[in-house]
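Just so you know, the sequences run in chain order A, B and C.
According to the numbering used here, the first sequence holds residues 10 to 499 in order.
According to the numbering used here, the second sequence holds residues 6 to 100 in order.
According to the numbering used here, the third sequence holds residues 68 to 556 in order.
See below for the structure under consideration.
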Amino acid sequence: MTALTDLTIAGARDLLAAGHVSAADLARAHLAAMERHRDLNAFITETPERALQLADASDRRRRAGDAGRLEGIPVAIKDLFCTKDVPTTAASRILDGFTPFYESTVTAAMLRQGAVMLGKTNLDEFAMGSSNLTSWYGPAINPWRAPGDGKTRVPGGSSGGSASAVAARMAMAATGTDTGGSIRQPAAFTGTVGLKPTYGRCSRLGIVAFASSLDQAGPLTRTVRDAAIMLGAMAGHDPLDSTSADVPLDDLEDALEAGVEGMTIGVPEEYRVEGMPAVIDDLWQRGIAWLEDAGATVREVSLPHTRFALPAYYIIAPAEASSNLARYDGVRFGLRCEGDDLVSMYERTRAEGFGAEVKRRILIGTYVLSEGYFDAYYLKAQKVRTRIADDFREAWTSVDALLTPTTPSAAFAADSPPDDPVSMYLNDVFTVPASLAGLPGISVPAGLDGDGLPLGLQVIARPFDEARLLRVARTIEEAAGFDTAPRGLT
Amino acid sequence: MKFDKDTVARVARLARIATGDAERKQLAGELSAIIEWIDTLGEVDTDDVEPMTGVGAMTPTWRPDEVTDGGIADDITANAPACAEGCFVVPKIVE
Amino acid sequence: MAELIERESGPFAYVIGLEVHAQIVSSSKLFSGASAAFGAAANTQVSAVDAGMPGMLPVINMACIEQAVRTGLALGGTINRRSVFERKNYFYPDLPQGYQISQYQQPIVTGGHLVIELEDGASRPIGIERLHVEQDAGKSLHDRDPVHSLVDLNRSGIGLMEIVSLPELASPDEAVRYVRTLRSILRYAGTCDGNMQEGSLRVDANVSMRRPGDKLGTRCEIKNLNSMKFLQRAIEFEGHRQATILDEGGTVRQETRLFDVNANETRSMRSKEDAEDYRYFPDPDLLPLDLDEAWIAGIAASMPELPDSRKQRFMSDHGLSSYDAGVLVAERDNADFFEEVARGRDSKVAANWVMTEFFGRLNKDGIGVADSPVSADALGGLIDLVVDDTISGRIAKDVFAEMFVTGRDAAAIVEERGLRQVTDTTRIEALVDGVLAAHPERVDEYRAGKTKLLGFFMGEVMKASRGRANPQAVNRTLRLRLGQEGGTR
Numbered sequence: 010m011t012a013l014t015d016l017t018i019a020g021a022r023d024l025l026a027a028g029h030v031s032a033a034d035l036a037r038a039h040l041a042a043m044e045r046h047r048d049l050n051a052f053i054t055e056t057p058e059r060a061l062q063l064a065d066a067s068d069r070r071r072r073a074g075d076a077g078r079l080e081g082i083p084v085a086i087k088d089l090f091c092t093k094d095v096p097t098t099a100a101s102r103i104l105d106g107f108t109p110f111y112e113s114t115v116t117a118a119m120l121r122q123g124a125v126m127l128g129k130t131n132l133d134e135f136a137m138g139s140s141n142l143t144s145w146y147g148p149a150i151n152p153w154r155a156p157g158d159g160k161t162r163v164p165g166g167s168s169g170g171s172a173s174a175v176a177a178r179m180a181m182a183a184t185g186t187d188t189g190g191s192i193r194q195p196a197a198f199t200g201t202v203g204l205k206p207t208y209g210r211c212s213r214l215g216i217v218a219f220a221s222s223l224d225q226a227g228p229l230t231r232t233v234r235d236a237a238i239m240l241g242a243m244a245g246h247d248p249l250d251s252t253s254a255d256v257p258l259d260d261l262e263d264a265l266e267a268g269v270e271g272m273t274i275g276v277p278e279e280y281r282v283e284g285m286p287a288v289i290d291d292l293w294q295r296g297i298a299w300l301e302d303a304g305a306t307v308r309e310v311s312l313p314h315t316r317f318a319l320p321a322y323y324i325i326a327p328a329e330a331s332s333n334l335a336r337y338d339g340v341r342f343g344l345r346c347e348g349d350d351l352v353s354m355y356e357r358t359r360a361e362g363f364g365a366e367v368k369r370r371i372l373i374g375t376y377v378l379s380e381g382y383f384d385a386y387y388l389k390a391q392k393v394r395t396r397i398a399d400d401f402r403e404a405w406t407s408v409d410a411l412l413t414p415t416t417p418s419a420a421f422a423a424d425s426p427p428d429d430p431v432s433m434y435l436n437d438v439f440t441v442p443a444s445l446a447g448l449p450g451i452s453v454p455a456g457l458d459g460d461g462l463p464l465g466l467q468v469i470a471r472p473f474d475e476a477r478l479l480r481v482a483r484t485i486e487e488a489a490g491f492d493t494a495p496r497g498l499t
Numbered sequence: 006m007k008f009d010k011d012t013v014a015r016v017a018r019l020a021r022i023a024t025g026d027a028e029r030k031q032l033a034g035e036l037s038a039i040i041e042w043i044d045t046l047g048e049v050d051t052d053d054v055e056p057m058t059g060v061g062a063m064t065p066t067w068r069p070d071e072v073t074d075g076g077i078a079d080d081i082t083a084n085a086p087a088c089a090e091g092c093f094v095v096p097k098i099v100e
Numbered sequence: 068m069a070e071l072i073e074r075e076s077g078p079f080a081y082v083i084g085l086e087v088h089a090q091i092v093s094s095s096k097l098f099s100g101a102s103a104a105f106g107a108a109a110n111t112q113v114s115a116v117d118a119g120m121p122g123m124l125p126v127i128n129m130a131c132i133e134q135a136v137r138t139g140l141a142l143g144g145t146i147n148r149r150s151v152f153e154r155k156n157y158f159y160p161d162l163p164q165g166y167q168i169s170q171y172q173q174p175i176v177t178g179g180h181l182v183i184e185l186e187d188g189a190s191r192p193i194g195i196e197r198l199h200v201e202q203d204a205g206k207s208l209h210d211r212d213p214v215h216s217l218v219d220l221n222r223s224g225i226g227l228m229e230i231v232s233l234p235e236l237a238s239p240d241e242a243v244r245y246v247r248t249l250r251s252i253l254r255y256a257g258t259c260d261g262n263m264q265e266g267s268l269r270v271d272a273n274v275s276m277r278r279p280g281d282k283l284g285t286r287c288e289i290k291n292l293n294s295m296k297f298l299q300r301a302i303e304f305e306g307h308r309q310a311t312i313l314d315e316g317g318t319v320r321q322e323t324r325l326f327d328v329n330a331n332e333t334r335s336m337r338s339k340e341d342a343e344d345y346r347y348f349p350d351p352d353l354l355p356l357d358l359d360e361a362w363i364a365g366i367a368a369s370m371p372e373l374p375d376s377r378k379q380r381f382m383s384d385h386g387l388s389s390y391d392a393g394v395l396v397a398e399r400d401n402a403d404f405f406e407e408v409a410r411g412r413d414s415k416v417a418a419n420w421v422m423t424e425f426f427g428r429l430n431k432d433g434i435g436v437a438d439s440p441v442s443a444d445a446l447g448g449l450i451d452l453v454v455d456d457t458i459s460g461r462i463a464k465d466v467f468a469e470m471f472v473t474g475r476d477a478a479a480i481v482e483e484r485g486l487r488q489v490t491d492t493t494r495i496e497a498l499v500d501g502v503l504a505a506h507p508e509r510v511d512e513y514r515a516g517k518t519k520l521l522g523f524f525m526g527e528v529m530k531a532s533r534g535r536a537n538p539q540a541v542n543r544t545l546r547l548r549l550g551q552e553g554g555t556r
């Protein structure tokens, strides 16, 4: 029998239903793995006692014949989701000591469906980053290493702790949030599946806000099927989130194996960026071949404004963030650094509470909204965003889904990240356009680079068409036959 | 440099973030690089384009006029760094 | 009426524009389910949304929007089919989110006007620029501790309407009249209770001075005036302050000022010394507010009668003077009370009773119609007794005073105290004869031509009847008796 920590949600579900394992067994096995891999720093807060209580309660419910969709499944929660009576940090010092008295809509739904929460995972501070290096609690580490150099790799970000936990089999699945690639990029870096649903699919209520018009919760798992199961539990209309969509979600698991026969898949020419490593292009070509072999028609499409997506994103996201993060002022919760007067209390609290990247983005965001710059930057970016969304709309007239690489490279070494902010931002070049348009996207592990590190392919689909998105992803997964066990992890 | 030290100081003041002189100098360099990169947006023709105001098919949600919340003063102030008489305490405000 | 401030260099004229913040009548807050009631213990009417807790999101309370639309219609404004909530960003301890959700570029109502009545009875329309909806901030308490302020968030998130006038008011008096009129309209529409003590209505005044006919001067904004008296005094002080500066050749600095009630002066606000840059942008947590034409029409169809049209009706249907009708309609409760009293009775008599005796007594006791121990029905009953001559008007005033104290009805008091008017001719003749017999020399004087003495005899007879004799009957009998003996010369 495989180790309990190697089980997928679908596999565990069958064993639980058959009574071969208990939720308590699964919880204990994963808690042990968390202890074993504590060096990966994937968790900010571990909640073992709570996990065991939840598992016991889950087993009781199952015996009573009352099992939910995630009954007994051990999951990790990105520490951006507010969890009742469990500290929530957003990996920032400024939320020092903050314990919410409320539960996010998404985690509440998962708990109702029987999920067993193991702990809160590490992330880039306030979800701002692509490396997990900006966490106040130290970087989470990628369980994958390049056999050649053995250097520590970043798990990507911002949902790096969740990706690391799922890849290293500390959690069967984890929640993430994606603003410009924060689920898909770490999934690609850690050989896991990362799904960002359509904007509005999952409620944002109770998730610490980064950029409100872009933030979207989604799952990180080891299989496409598990992503479908997780999304089914996480999604739903929330009347307490005005931007939540009241659009029914099909049974995604049912649709999964329907294949891509007869579908038309687009390959956007603008994603073939200058200086793209051959290994990424090769993987992309392989992906095209797999889909063609499975009966899809593949054709080139044009998304002419692609190269403007990142600059537009780096206006809109920081602008919204600068306002969303104004509430961290030392008055009602979190860190306070006393000052001579009110203003110095504010300024010291925020100077010491926020890390360098968060400050950079707040300052950029404040600047682009300030008098005299609003039209030139913020308004311009929102217009460019319309152009980008129009590009996609045009594409949907001829294709059903788009196939692209997820990232321009594999995970970089933790000791040599891109050395300036803009180079770091370029990590999200393939993921940001879909974010701006609010489209669903998924990263599927599809191969290894020359150093033996995982690479992902991204599928993008029409709004609310997660069913087709998952069909394409499942086809790639099957063809790739990717082994998700991190090489070099003991 | 688009983002000089004075601009950093002005914006940091608006954002209520204390900055030292050395930090301002470094930020001026970093933020200028970001702004220069962002400025490529100028190449996009956005005449007659409406700014994006919402993503996807969103249904307006309205709340009925009912009292469904409140009465949780202890929860509201539980995380406060300083609290007295059921209120949050801050350094004296001079109007 | 325009008011000028005279200075050595010549006269200066006021230019005043008002921003009125009117708290919307609703059960719950604009974006959360916490109560919007006044006066609860600190932070007990606060939800996680109102406290700006991480991850919290606003959802619009449609009743508040409906109230804003109703108000916009009452002011004759244009209801915009699309309006947009934006964030106004600034730091303040009573602003938990670090921004106020307000409307900026696209308010819910544009335009409109209201008509103020001037001292001389003339009236003047004052233009309204816009009405927008926004959330209130919490309350900072500065007097509890020497070095700290306390913050209570109960008020945080309550729905407000900001109603902005054009700068068309020309005196402190006009400003007060504008706010009174607006308050009356809001109360008629049922959209704001207008209670200034409780902060339901707060006024920011933009004041500038100029030479009559010149272009606009630099203005100062005086924040948070919470009574009519302070509004008047603050504008007066500010007008004189600016006139003095301009008279001496100085320039007025554009700034935000505070009215110091104790010193009776305005002073610069230290917290506003930095030029603010509010960085407005559309709130990404909320969708644009799109209103349905039919929905707006439904509200328009259900609008209550407003003071202006009620006044017209009181003048045409009840035959009241413009002044009386104006006094009666100013407060909806008062006008309702009058209409109830007037139902089936002579309108002018009813108006006279309501306006003099009734309002006089309410004012003396400092209470409103709602708290009156005398109901409209009871007052009507009293009036009926006067009209059918059961009691005299003079006795009626005593009866009213007793009704006000005891809450009993007029007929019962009249019966119990034997106050029925004496109309019986024999008894009145007996009273008159008694008085004439007691004052023979006065009778002679009267008959010698000093007819003014009739009043003296009237008084004596009324006194003898303890006020109960019917004055007309006494008058008639007196003239008859005094005329008989003397004849005419």
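Glycine is no exception: its CB is placed at the ideal position from the N, C-alpha and C atoms.
Output the distance between the C-alpha atoms of residue i and residue j, rounded to the nearest integer angstrom.
i        : j        : result
A/Ala41  : A/Ser140 : 26 angstroms
C/Gly554 : C/Val481 : Bear in mind that the predicted position of C/Gly554 carries a pLDDT of just 41, short of 50, making it too unreliable to give a figure here.
A/Leu372 : A/Ala365 : 11 angstroms
B/Phe87  : B/Val95  : Strictly speaking, residue 87 of chain B in this sequence is Ala, with Phe absent from that position. Cα to Cα, B/Ala87 sits roughly 7 angstroms from B/Val95.
B/Val7   : B/Ala38  : The sequence as given places Lys at residue 7 of chain B; Val does not occur at that position. Whole-angstrom Cα-Cα distance: 9 angstroms.
A/Gly209 : C/Leu233 : 41 angstroms
C/Arg556 : C/Val472 : Unreliable positioning characterises C/Arg556 in this predicted model, as indicated by a pLDDT of 35, which lies under 50. A coordinate reading is not provided.
C/Leu449 : C/Ala515 : 42 angstroms
A/Ala470 : A/Ala482 : 11 angstroms
A/Ala100 : A/Gly106 : 12 angstroms
A/Ala404 : A/Val276 : 10 angstroms
C/Met470 : C/Lys96  : 42 angstroms
C/Gly100 : C/Val113 : 9 angstroms
C/Glu322 : C/Lys290 : 11 angstroms
Quick one: list the residues of chain B neighbouring residue i, beta-carbon separation under 7 angstroms, in chain order.
i        : result
C/Asn128 : Arg68 and Asp70
Measure the CB-CB distance between residue i and residue j and report whether it falls below 8 angstroms.
i        : j        : result
A/Arg480 : A/Ala242 : no
A/Ser171 : A/Gly185 : yes
C/Arg337 : B/Glu100 : yes
B/Ala33  : B/Asp9   : yes
A/Pro206 : A/Leu240 : yes
Using a Cβ cut-off of 8 angstroms, pull out every chain C residue sitting near residue i, in sequence order please.
i        : result
A/Pro248 : Val126
Which residues in chain C have a C-beta closer than 7 angstroms to the C-beta of residue i? List them in chain order.
i        : result
B/Phe8   : Ordered by position in chain C, no residue passes the 7 angstroms Cβ test against B/Phe8, which lies about 16 angstroms from the chain.
A/Ala218 : Gly122
B/Val95  : Pro160, His215, Ser216 and Val218
By the criterion of Cβ-Cβ separation under 8 angstroms, what are the contact partners of residue i in chain B?
i        : result
C/Met336 : Glu100
Quick one: which chain C residues come within Cβ less than 9 angstroms of residue i?
i        : result
A/Ser221 : Leu124, Asp350, Pro351 and Asp352
A/Thr252 : Leu124, Pro351, Asp352, Leu353 and Leu354
Shorter than 7 angstroms, the distance from the beta carbon of residue i to the closest heavy atom of the ligand NAD, or not?
i        : result
C/Thr333 : This structure lacks the ligand NAD, and indeed carries no ligand of any kind.
Under 9 angstroms between beta-carbons, which chain A residues line up against residue i? List them in chain order, please.
i        : result
C/Arg222 : Under the 9 angstroms cutoff, chain A gives no residues; its nearest Cβ is about 15 angstroms from C/Arg222.
Going along chain A in order, which residues have a C-beta closer than 7 angstroms to the C-beta of residue i?
i        : result
C/Tyr166 : Ser332 and Ala335
* To do: Entirely within the segment 243 to 293 of chain C and at least 4 residues each: give me those alpha helix (DSSP H) ranges in chain order.
  => none
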